[in-house]
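*Asks:* In the numbering used here, the protein residues as written are 9 to 682.
Where a beta carbon is used, it is the ideal one built from N, C-alpha and C, also for glycine.
None of these values were measured; they are calculated from a predicted model.
This is the structure I have questions about; it appears just below.
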Amino acid sequence: MKVLQFPLAKITLWFVVGIWLAHNEKFSPELVFSALSVAVLILVFAFYDARKQFVQNFYFGIAAYGLSFCIGLSTWAIHNDYLQKDNYIHKIKTDQETHVISVVLREKLKSSSDQVRYIALVQRIDGLESSGKIIINLNKNQFKNTFCIGNQLQIKGTIFKHKRPQNPNQFDYGEYLINKSVLAQMYPSNDAVSAKKFVEQDAFYYSDALRNRILTNLDSSGFRTTELNIIAALILGQQQDIDPEILYDYQVAGAIHILSVSGLHVGFLLLFLNFLLRYLPNSRSASWLKLGIVLFSLWGFAILAGLSPSVIRSVTMFSFVALGMHLKRKTNVFHTLLVSAFLILLFEPSFLFDVGFQLSYVALFFILWWQPILSKLWAPDNKVVKYFWEILTVSLAAQMGTLPLSIYYFHQFPGLFFATNLIVIPFLSIIMGLGLLVMVMAAFNFIPVVLSQLLEWSVWILNKMIHWIASFKTFIIQDISFNSYMLLGLYALLFSILIFFEKPNFKKGIVAIVCLFIFQSSYIVSKWSAQNQKEWIVFNSKKSTLIAERDGFDVTVYSNQPTTENKLLKSYLIANFCTIQNQKPLKNVAYFNGKKIIVIDSLGVYPKNVHPDIVVIRQSPKINLERVLLTCKPTMVVADGSNFKSAVNRWQGTCQKAKIPFHATAEKGFYRLQ
């Protein structure tokens, strides 16, 4: 594959490696910028000192890649919010303090049953100038007023830093927010929010106002709410109000990606614009005019869709793709794709860890690489058949590239994705074109009834077809155990096989076989490691006590509640290749790996003749813990998440006096005994 031989590809790769390493290793800024300075000096020395052409190319290339790696390190250091001295996070000592902050609302998030949530930019904290992003949680019952993007608020309340996952193999929501530069959340005190009269009228304000105007006009025209919410997601990037059942259907059918404005939507817009502008002359001036119209339209769409990071990322990516298409050379499309990735990460390196960024670039890369190859396998004469064949090859190329990532992040594979894409993509192209036209008219309060009803019916039909596909649950493979080692192994295998079939030879065949062995080894080693583990875990479950005993792949669950749909347990089982073999009611006495364990429940009854190693307390029993410690003499006391916080604090003080370790799962997370 020629694109991998491009110097720009190698430079971008080393740049990405630098960002990834800086994110995981937390190097000091002094070390990072010292390394950058040394790399610059080495590059200058390699450029001017080498005499022979071969030596010059070799050393200069190594120096260039080293500099790219160091630029990746320094880029992460520059954009790391924790290293910004004026960031509000440095003023937060504990989550017991009350702070007064001034913020500007930037983005509205999906609300919960009792909370309205916004991402806001911090301007001041406790009277001091500050910076950084924070999530504001407003109680719906306390704060009746709704705010618009750009509102300046002064808020008094408690700020909470993100906690680490409280249960094994749980999704790290805190890390997810940190990668979006949101370092904490705030819960205002009662009636402690005041809005200033001045509204910051920037691009985000006008974008939000335009979206609200469009949606209000469409709603007033009689557009059904269910279909309107889908349109808001498809074109305006607003998923907050989609019905959960419809959302589930899209997830199961493998079509959830169309409900968030991403590369797919921007790609459709680019194709639609090229279709409309195809009659322009082929002159040089007309070509530049076409490029200007395309770029203006793409960024206009970005403003309409809210200028969210995913939208800006996708529009930037396809702006460079449009430039590559303008230059009319395939290699330039790959070059512009690499340049767009490099520039996006240079200004926002945290995008590297965004699932949408990864899926968008991988999908587009494989479409550019393999769709032309697949389309040549068959050349149907019928235009309709050819159209659907093109859709199928695009879908297959994208699915090949994103399959490992999709399984790694979502642990499922929709077996009917071909059928979904064959149905969705034609409808999506119609809905996108028609929807954009209706949206523009709605912005001027002019909505033709025929176009509005046609759009509404199209979305209704799309929802029905997605629901029909989602009903075939047999074809949906769920709960797939797949770790990072298997991800790398599968990508190595995928690339080696595709490169082999692109132009087969003996050497490429050997490489493919070796990669197959590597992938198989990653799977076997992962299974072997899981099979040889034994552990006893108290989960941090707020509503009810959940304890699991694991022996290799077999898990015995101790709980008085159904655990079939328990998300805490499900993520643990998937990550460790396990299945539940038994579920038993909770007992007062347990044994594991030579350790005696007693469980004291709300009744406060416990066996006096057992001297346990561990005491587990649940459901806030009214006990005298001092007496329990004197009677049982345990080496560890564990309080799970079902206890009242006041009781946990009291028990913690008692254990400190007795010099016995105390583990509260609400504070420290799950307790593991191995």
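1. How about F585 and S492: are their beta carbons less than 7 Å apart?
2. Looking only at its chain, what residues have a beta carbon closer than 8 Å to the beta carbon of S383, apart from the 5 residues adjacent to it on each side?
3. How big is the Cα-Cα spacing for Q7 and R114?
4. Using the three-state DSSP reduction, which class does W386 fall into: helix, strand or coil?
5. Do you know how far the Cα of M644 is from the Cα of S650?
6. Just verifying my parser: in three-state terms, what is the DSSP assignment at K298?
7. Can you tell me which of the three DSSP states K204 falls into?
8. Report the three-state DSSP secondary structure of T571 (helix, strand or coil).
9. Return the CA-CA distance between V24 and K665, expressed in angstroms with no decimal places.
10. Leaving out the 5 sequence neighbours to the left and right, which residues in its chain are closer than 6 Å to P593 when beta-carbon positions are compared?
11. Pop quiz: A203 and V432 are said to be a contact at Cβ under 8 Å. What is the actual Cβ separation, rounded to whole angstroms?
12. Closest to G80 by CA distance: which of I266, F35 and N471 is it?
13. Any idea what DSSP makes of N95, helix, strand or coil?
14. So N175 is in the alpha helix (DSSP H); what residue range does that whole segment cover?
15. Could you spell out the range, first to last residue, of the beta strand (DSSP E) harbouring F600?
16. Give me the residue from Q131, R626 and Q259 with the minimum Cα distance to L424.
17. Report the partner residues of W544 according to the DSSP bridge assignment.
18. Give me the residue from G158, L498, P422 and N574 with the minimum Cα distance to K481.
19. May I have a chain-ordered list of the beta strand (DSSP E) segments no shorter than 3 residues that lie completely inside the region 81-143?
20. Return the first residue and the last residue of the beta strand (DSSP E) that K603 is part of.
21. So, helix, strand or coil for K550, using DSSP?
22. So, at 7 Å on beta carbons, what are the nonlocal neighbours of H334 in its own chain, with the 5 sequence-adjacent residues on each side left out?
23. How big is the Cα-Cα spacing for Q174 and I142?
24. According to DSSP, is K391 part of a helix, a strand, or is it coil?
25. Measure the CB-CB distance between I352 and F359 and report whether it falls below 7 Å.
26. Does I625 come out as helix, strand or coil in the three-state DSSP assignment?
27. Inspect the beta-carbon positions of G441 and L463 and report whether they are closer than 7 Å.
28. Hey, quick one: how far does the beta strand (DSSP E) through D257 stretch, first residue to last?
29. Would DSSP call T643 helix, strand or coil?
30. What's the call for T428, buried or exposed, on a 16-neighbour Cβ count within 10 Å?
31. Distance, Cα to Cα, T571 vs T224?
32. Pull up the distance between the alpha-carbon of S414 and that of Q486, whole angstroms please.
*Replies:* Inspection of the coordinates gives the following:
1. Their beta carbons are not under 7 Å apart, which means F585 does not touch S492 by this criterion.
2. Excluding five sequence positions before and after S383, the CB atoms of its chain that fall closer than 8 Å to its own CB belong to W397, E398 and T401, given in chain order.
3. As shown, the chain starts at 9 and ends at 682. That puts residue 7 outside it, with no answer to give.
4. The DSSP-derived three-state label of W386 is coil.
5. Each residue's Cα considered, the two are about 18 Å apart.
6. In the three-state DSSP reduction, K298 falls in the helix class (H, G or I).
7. In the structure shown, K204 adopts extended strand secondary structure according to DSSP, grouped into three states.
8. If DSSP states are grouped into helix, strand and coil, T571 belongs with coil.
9. Answer to the nearest angstrom: the Cα atoms are 51 Å apart.
10. The residues are N568.
11. Here A203 is actually not in contact with V432; their C-beta atoms are around 42 Å apart, not less than 8 Å.
12. Cα-wise, what sits closest to G80 is F35.
13. Reduced to three states, the DSSP call for N95 is strand.
14. Here N175 belongs to no alpha helix (DSSP H), and DSSP marks it neither H nor E.
15. Per DSSP, the continuous beta strand (DSSP E) segment holding F600 begins and ends at V597 to F600.
16. When each option's Cα is compared against that of L424, the closest is Q259.
17. The partner list for W544 (beta bridge, DSSP) reads E557 and L681.
18. It is P422 whose Cα lies nearest to the Cα of K481.
19. If you keep only unbroken beta strand (DSSP E) runs of at least 3 residues inside the region 81-143, you get 106-116 and 123-133.
20. K603: member of the beta strand (DSSP E) spanning K603 to I608, first to last residue.
21. Here K550 carries a coil assignment [DSSP, helix/strand/coil].
22. Answer for H334: S295 and L299, listed in chain order.
23. Each residue's Cα considered, the two are about 21 Å apart.
24. Reduced to three states, the DSSP call for K391 is helix.
25. Yes, the Cβ-Cβ distance between I352 and F359 is below 7 Å.
26. Residue state, collapsed to three classes: strand.
27. The answer is no: Cβ separation not under 7 Å.
28. No beta strand (DSSP E) contains D257, which is instead part of the alpha helix (DSSP H) from P252 to V260.
29. DSSP places T643 in coil when its eight states are reduced to three.
30. Its Cβ being crowded by 16 or more others within 10 Å, T428 is buried.
31. Going from the Cα of T571 to the Cα of T224 covers about 43 Å.
32. In a straight line, the C-alpha of S414 is about 12 Å away from that of Q486.
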